[in-house]
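Student: As numbered in full-length UniProt numbering, the sequence shown has no gaps in its residue numbers, which increase by one up to the final residue, 250. For each residue, glycine too, the CB sits at the ideal point set by N, CA and C. Everything numeric in this text was worked out from a predicted model, so none of it was measured. I have a structure I would like to understand better, so I am pasting it below and will then ask my questions one at a time.
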Amino acid sequence: MATKSRRIASKWIKTAVLVRNKTVRRAIPQTMLYRASALDKLLRRHGMVYVKPDHGSQGKGVMRVQQNNAKGTSFSVQRGDRIRSGLTWRKLVKELRPYTRNHVHVVQRGIDLLRYNGRLLDIRAVTQVDRKWNWHFTGMVARIAQPRKAVTNGSQGADITPVPFVITRTGRSIETYNNLEAEIRHLCLKGARVLSRKYPFLQELGFDIGLDQKLRPWIIEVNTRPDIKPFSKISDLTMYHRIRRYRRNF
Numbered sequence: 001m002a003t004k005s006r007r008i009a010s011k012w013i014k015t016a017v018l019v020r021n022k023t024v025r026r027a028i029p030q031t032m033l034y035r036a037s038a039l040d041k042l043l044r045r046h047g048m049v050y051v052k053p054d055h056g057s058q059g060k061g062v063m064r065v066q067q068n069n070a071k072g073t074s075f076s077v078q079r080g081d082r083i084r085s086g087l088t089w090r091k092l093v094k095e096l097r098p099y100t101r102n103h104v105h106v107v108q109r110g111i112d113l114l115r116y117n118g119r120l121l122d123i124r125a126v127t128q129v130d131r132k133w134n135w136h137f138t139g140m141v142a143r144i145a146q147p148r149k150a151v152t153n154g155s156q157g158a159d160i161t162p163v164p165f166v167i168t169r170t171g172r173s174i175e176t177y178n179n180l181e182a183e184i185r186h187l188c189l190k191g192a193r194v195l196s197r198k199y200p201f202l203q204e205l206g207f208d209i210g211l212d213q214k215l216r217p218w219i220i221e222v223n224t225r226p227d228i229k230p231f232s233k234i235s236d237l238t239m240y241h242r243i244r245r246y247r248r249n250f
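Next up, the structure:
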């Protein structure tokens, strides 16, 4: 059933809608509502996960949890630039409890993200509707996390740079970038159309796209009121002005 919501705060709700589509589902890291059993399952399967507030934004409250050995007897957790290592399973759950006890969280498979000069990077891509409610891909920029940070949000001090620059600086060709851009464009537009079938009054979406070591794009998160300030921090303001122009449609 379609709803009139223009903003969807819940990460879990957005994920549940997106995974109904086979094409989009392949690009979403396995995600579950947080419970100790879900944490255990995803850590055993993937070795590293992110625990996030279901209604959080700007990377606030995101925790990176890693299993440090094959036996699953040692774990580490990072929140901001604070890292606790050498935790037993019991101590890990206890460490997370103050954050997860009273607020809904999700646990998501961690992707081994592409790095630039040793720093994590991801991509913020934006899709918007025109006055006829057709979706358009209006821009994307790369976000490079500060050293020792586990999140790439601009509000957490990430550096913003054009995507072609950072992709070619990791040793890939411009042809590789062009193929990647087309793949991300297709994925984001597909995701936008899937979400808008359930929420037809959505007008713009910000996709946080992670790239693994093989440059496979993953939809890490979708925002229904994305911050466009990162687009104002690169020298070519074409995308920034385009996004603002589309915003004037609504």
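1) For the segment 102–119 against the segment 43–50, are there 3 or more C-beta pairs whose distance is under 8 Å?
2) Taking Cβ to Cβ, would you say Arg124 is nearer than 8 Å to Pro230?
3) Do the CB positions of Val189 and Thr224 come within less than 8 Å of each other?
4) Checking 8 Å against the spacing of the C-beta atoms, do Val77 and Arg84 come in under that value?
5) I'd like to check one pair, Asp212 with Leu114: are the Cβ atoms closer than 8 Å?
6) For a test of the three-state rule: what should DSSP assign to Ala38, helix, strand or coil?
7) Return the chain-ordered list of same chain residues with a C-beta closer than 7 Å to the C-beta of Tyr34, the five sequence neighbours on each side being excluded.
8) So, Arg193 versus Trp133, is the Cβ gap smaller than 8 Å?
9) Are the segment 171–178 and the segment 11–23 touching by the rule of at least three beta carbon pairs closer than 8 Å?
10) Mapping the DSSP letters down to three states, classify Leu180 as helix, strand or coil.
11) State the Cα-Cα distance for the pair Val222 and Met239, rounded to the nearest angstrom.
12) With DSSP as the reference, label Phe231 as helix, strand or coil.
13) Where do the N-terminal and C-terminal ends of the alpha helix (DSSP H) with Val166 fall, by residue?
14) Considering just the uninterrupted stretch of the alpha helix (DSSP H) at Ala16, what are its terminal residues?
15) State buried or exposed for Asp130, treating a residue as buried only when at least 16 other CB atoms are found within 10 Å of its CB.
16) What would DSSP say about Ile8, mapped onto helix, strand or coil?
17) Measuring CB to CB, does Pro217 end up less than 8 Å from Leu187?
18) Since Ala192 sits in a beta bridge, which residues does DSSP pair it with?
19) Here's the rule I'm using: 16 or more other beta-carbon atoms within 10 Å means buried, otherwise exposed. How should Phe165 be labelled?
20) Short of 7 Å in beta carbon distance, which residues of its chain neighbour Thr170, apart from the five on each side in sequence? Order them along the chain.
Tutor: Judging by the given coordinates:
1) Contact between the segment 102–119 and the segment 43–50 is present, with at least three C-beta pairs closer than 8 Å.
2) Here the question's residue 124 lines up with position 124 in the sequence shown. Here the question's residue 230 lines up with position 230 in the sequence shown. Against a cut-off of 8 Å, the Cβ pair of Pro230 and Arg124 comes out as a contact.
3) Within the sequence shown, the letter at position 189 stands for residue 189. Within the sequence shown, the letter at position 224 stands for residue 224. This sequence places Leu at residue 189; Val is not what is there. No, Cβ-Cβ distance for Leu189 and Thr224 is not below 8 Å.
4) The residue labelled residue 77 in the question sits at position 77 within the sequence shown. The residue labelled residue 84 in the question sits at position 84 within the sequence shown. A contact, by the Cβ cut-off of 8 Å.
5) Within the sequence shown, residue 114 is the residue found at index 114, counting from 1. Within the sequence shown, residue 212 is the residue found at index 212, counting from 1. Yes; because the gap between Cβ atoms is below 8 Å, this pair is in contact.
6) Position 38 of the sequence shown, counting from 1, holds the residue named residue 38. Of the three classes helix, strand and coil, the one that applies to Ala38 here is helix, per DSSP.
7) Locating residue 34 in the sequence shown gives position 34, where the first residue counts as 1. Val51, Thr100, His105, Val106 and Val107, listed in sequence order.
8) Counted from its first residue, the sequence shown places residue 193 at position 193. Counted from its first residue, the sequence shown places residue 133 at position 133. Not closer than 8 Å, so no.
9) By the Cβ test, the segment 171–178 is not in contact with the segment 11–23, since fewer than three Cβ pairs between them sit closer than 8 Å.
10) Against the sequence shown, residue 180 aligns to sequence position 180. Here Leu180 sits in helix by DSSP.
11) Taking the first residue of the sequence shown as 1, we reach residue 222 at position 222. Taking the first residue of the sequence shown as 1, we reach residue 239 at position 239. Their backbone Cα atoms lie some 19 Å apart in a straight line.
12) Walking along the sequence shown from the start, residue 231 turns up at place 231. Three-state DSSP puts Phe231 in a helix.
13) Indexing the sequence shown from 1 puts residue 166 at position 166. Here the alpha helix (DSSP H) through Val166 covers Val163 to Arg169.
14) Start at 1 with the first residue of the sequence shown, and residue 16 comes out as number 16. Its alpha helix (DSSP H) spans residues Lys11 to Leu18.
15) Counting from 1 along the sequence shown, the entry for residue 130 is found at position 130. Answer is exposed; the Cβ neighbour count stays below 16.
16) Here the question's residue 8 lines up with position 8 in the sequence shown. Coil.
17) Within the sequence shown, residue 217 is the residue found at index 217, counting from 1. Within the sequence shown, residue 187 is the residue found at index 187, counting from 1. Cβ distance < 8 Å, so Pro217 and Leu187 count as in contact.
18) Residue 192 sits at position 192 when you count from the first residue of the sequence shown. None, per the DSSP bridge assignment.
19) By one-based count along the sequence shown, residue 165 stands at place 165. Under the 10 Å beta carbon count, Phe165 is surrounded by fewer than 16 other beta carbons and is classified as exposed.
20) The residue labelled residue 170 in the question sits at position 170 within the sequence shown. Around Thr170: Leu114 and Tyr116.
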